[in-house]
Amino acid sequence: MTATCSVCDGALDGFDQAVCDSCERPFHLPRRTDADGIECGRVWVHDQWLTLVHACYRCLGEMPEKAASASRPSRRRYRRVR
Numbered sequence: 000m001t002a003t004c005s006v007c008d009g010a011l012d013g014f015d016q017a018v019c020d021s022c023e024r025p026f027h028l029p030r031r032t033d034a035d036g037i038e039c040g041r042v043w044v045h046d047q048w049l050t051l052v053h054a055c056y057r058c059l060g061e062m063p064e065k066a067a068s069a070s071r072p073s074r075r076r077y078r079r080v081r
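Residue numbers for the sequence shown follow numbering that gives the first Met the number 0, beginning at 0 and rising by one.
As structure tokens, then:
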């Protein structure tokens with residue numbers, strides 16, 4: 000049985016995914032910034048506890064815009080320095 004993303008309902012591959020700390024549902028999240036893939040959430044470092052916090056766009060309130068762009072390949076938000 001294949002797991003599905005809670006934001007875009009796409010199939011999860013088992014590697015580029017995370018579980019939301021708020022709703023405890025899986026979502027697409029590339030593990031590296033240079034990897035192509037769908038982003039259906041965010042991860043950041045908690046200021047007080049210095050732990051990783053995972054949140055899906057549904058819980059962050061960014062569902063409509065991000066769900067619409069989930070079907071398109073994501074663009075890099077940085078410039079590669081060589």
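Glycine is no exception: its CB is placed at the ideal position from the N, C-alpha and C atoms.
None of the values given here were measured: they were computed from a predicted structure.
Asked                                                                        : Found
Buried/exposed call for VAL21, threshold 16 Cβ in 10 Å                       : It should be pointed out that residue 21 corresponds to Ser in this sequence rather than to Val. Burial call: exposed.
Rounded straight-line distance, which links the Cα of GLU23 to that of PHE14 : 17 angstroms
DSSP beta-bridge partners of TRP43                                           : VAL52
Which residues DSSP lists as bridging THR3, in chain order                   : ALA10
Under 8 angstroms between C-beta atoms of VAL42 and ALA2                     : no
C-alpha gap between LEU49 and CYS4, whole angstroms                          : 26 angstroms
Identified DSSP bridge partners for PRO82                                    : No answer is possible for residue 82: the residues shown for the chain start at 0 and end at 81.
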